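Novice: Supplied in structure tokens, the structure appears directly below.
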Amino acid sequence: MQPPSPDIISIEGLPVHTEIGLDVFGRSLPHPHMLAIHFHLHPTSLLLAAATDDSRFSIRYWDLESEVLERVNEGAPWTSGRTLARAVTGVAFKHAGDAVKELRVVVETQNGHPRATGGMRWELTTPHGAHTQEVVASAHGLELGALLGGVDQEQRVKQRIVMDLWFVEKARHSSEVDYTAIVNRIVEETEASGYRTLERLVHEAAQIASSASAEHCREIIIRARRPAAVRLADTLAVQLTRPCNP
């Protein structure tokens, strides 16, 4: 997705410690998470701040950090990263004024799925003055073991596959989505099957994801990596983007 403006002010790597959803044991416990807030500016906004050398014409970010942390603590526990990102979006817009064309908030959590070593993320993009948002949920570094390859030995020993998944939610979709259950289904069905090519594995994983998330999502993106599949390269990767169909 291309940003609406090449002029962006970002606050990145803001640590928060709060409860988001339930862990694998069904508990709601505080964990460390990371926030990023990206202000996509109107073309003239940054020019005015630069020309005057006056931050008052830009984002009022000097008070934003403390207010975001206060809002995070007030709203805990959070049902999902999605609800937390929405709350942070509301706080951030108060400091943006008319300088911002669009605002993007990313919540990154490490306890979203036990096998997603790269964590889970929720990314909310909201145009200024809009009542709708684009929501993208994603799982990164998902570790799988799959029978993959064209020779007999590869069909006897499971190969290490690392998968990233993105779920683009439908517009005006308001209910929470159990992405842990969807990811579990992808893992279980993929590991129970055998494939000769990485292309086939990704294609079938995309079909599973599409079917499992069709009620809530309009598009899924899956990228699978097979380390050491090519002799001199680190990784072979295949990525597919598909619409969600039941």
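Residues in the sequence shown are numbered consecutively from 1, following UniProt numbering.
Beta carbons are placed, not taken as given, at the ideal position from N, Cα and C, and that holds for glycine.
These numbers were taken from a predicted model, which means no experiment stands behind them.
#1: For H128, tell me which candidate among K101, V135, L69, P114 has the shortest Cα-Cα distance.
#2: Give the list of continuous beta strand (DSSP E) stretches no shorter than 3 residues that lie fully inside the stretch 189-226.
#3: Is it true that the stretch 165-183 meets the stretch 194-201, where meeting means three or more beta-carbon pairs spaced less than 8 Å apart?
#4: Roughly how many whole angstroms lie between the Cα atoms of D53 and L47?
#5: Would you say Q239 and R223 are within 7 Å of each other, going by their C-beta atoms?
#6: In chain order, what residues of the same chain lie with their CB nearer than 7 Å to the CB of D234, ignoring the 5 residues before and after it?
#7: Once DSSP output is grouped into helix, strand and coil, what is the label at K101?
#8: What is the rounded straight-line gap between the Cα of H173 and the Cα of E215?
#9: Tell me whether R156 is buried or exposed, calling it buried when 16 or more other Cβ atoms sit within 10 Å of its Cβ.
#10: From L201 to R160, what does the alpha carbon distance come to, in whole angstroms?
#11: Would you mind working out which of R104, K170, L103, H140 sits nearest G112, comparing C-alpha positions?
#12: Could you check which residue in Q207, L35, P246, S58 has the C-alpha nearest to that of L84?
#13: On the criterion of 16 or more Cβ atoms from any shown chain inside 10 Å, does V230 qualify as buried, or is it exposed?
#14: Cutting at 7 Å between CB atoms, please list the residues of its own chain near residue 249, excluding the five before and the five after it.
#15: Indicate whether E191 and L144 have their beta-carbon atoms separated by less than 7 Å.
#16: Could you spell out where the beta strand (DSSP E) holding R231 opens and where it closes?
#17: On a CA-only basis, which of T79, D98, L103, L41 is nearest E134? Give me that one, please.
#18: Do you know how far the Cα of E189 is from the Cα of Q153?
#19: According to DSSP, is A146 part of a helix, a strand, or is it coil?
#20: Under the three-state reduction of DSSP, which class applies to T126: helix, strand or coil?
#21: Using the Cα positions of V168 and P77, report the straight-line distance between them to the nearest angstrom.
#22: Of the residues L165, W166, G149, which one's Cα is nearest the Cα of K158?
#23: Do T89 and T125 count as a contact pair if the criterion is CB distance below 7 Å?
Specialist: Reading off the structure:
#1: Here residue 128 is taken as the residue at index 128 of the sequence shown, counted from 1. Out of K101, V135, L69, P114, K101 has the C-alpha closest to the C-alpha of H128.
#2: none
#3: no
#4: Position 53 of the sequence shown, counted from the start, is the residue given in the question as residue 53. Position 47 of the sequence shown, counted from the start, is the residue given in the question as residue 47. Distance between the alpha carbons of D53 and L47: 10 Å.
#5: Here residue 239 is taken as the residue at index 239 of the sequence shown, counted from 1. Here residue 223 is taken as the residue at index 223 of the sequence shown, counted from 1. Taking 7 Å as the Cβ cut-off, Q239 and R223 qualify as a contacting pair.
#6: Looking up residue 234 in the sequence shown gives position 234. Taken in chain order, the residues that qualify are P227.
#7: For the purposes of this step, residue 101 is identified with residue 101 of the sequence shown, where counting begins at 1. The answer is strand: DSSP assigns K101 an E or B state.
#8: By 1-based counting over the sequence shown, the position of residue 173 is 173. By 1-based counting over the sequence shown, the position of residue 215 is 215. Between H173 and E215, the C-alpha separation is close to 9 Å.
#9: The count along the sequence shown starts at 1 and reaches residue 156 at position 156. Classification for R156: exposed.
#10: In the sequence shown, counting from the first residue as 1, residue 201 sits at position 201. In the sequence shown, counting from the first residue as 1, residue 160 sits at position 160. The alpha-carbon atoms of L201 and R160 are separated by roughly 12 Å.
#11: The residue you call residue 112 lines up with position 112 of the sequence shown. Comparing Cα-Cα distances from G112 to each of R104, K170, L103, H140, the minimum goes to H140.
#12: Taking the sequence shown and counting its residues from 1, the one referred to as residue 84 is at position 84. Answer by Cα proximity: L35.
#13: Position 230 of the sequence shown holds residue 230. Exposed is the call here.
#14: Past the boundaries of the shown model lies residue 249; the chain is included only from 1 to 246, so the question cannot be answered.
#15: To locate residue 191, count along the sequence shown from 1; it is residue 191. To locate residue 144, count along the sequence shown from 1; it is residue 144. In this structure, L144 lies closer than 7 Å to E191 by Cβ.
#16: For the purposes of this step, residue 231 is identified with residue 231 of the sequence shown, where counting begins at 1. Premise fails: R231 is in no beta strand (DSSP E) and is neither H nor E.
#17: Reading the sequence shown from its first residue, position 134 is the one you call residue 134. For E134, the nearest C-alpha among the options comes from L103.
#18: Working through the sequence shown from its first residue, we reach residue 153 at position 153. Working through the sequence shown from its first residue, we reach residue 189 at position 189. The alpha-carbon atoms of Q153 and E189 are separated by roughly 21 Å.
#19: Within the sequence shown, numbered from 1, the residue matching residue 146 stands at position 146. If DSSP states are grouped into helix, strand and coil, A146 belongs with the strands.
#20: What you label residue 126 is simply residue 126 of the sequence shown in a count that begins at 1. In the structure shown, T126 sits in a strand (DSSP, three-state: E or B).
#21: Here residue 168 is taken as the residue at index 168 of the sequence shown, counted from 1. Here residue 77 is taken as the residue at index 77 of the sequence shown, counted from 1. Answer to the nearest angstrom: the Cα atoms are 24 Å apart.
#22: If you number the sequence shown from 1, residue 158 lands on position 158. Cα-wise, what sits closest to K158 is G149.
#23: For the purposes of this step, residue 125 is taken as residue 125 along the sequence shown, with counting starting at 1. For the purposes of this step, residue 89 is taken as residue 89 along the sequence shown, with counting starting at 1. Their beta carbons are not under 7 Å apart, which means T125 does not touch T89 by this criterion.
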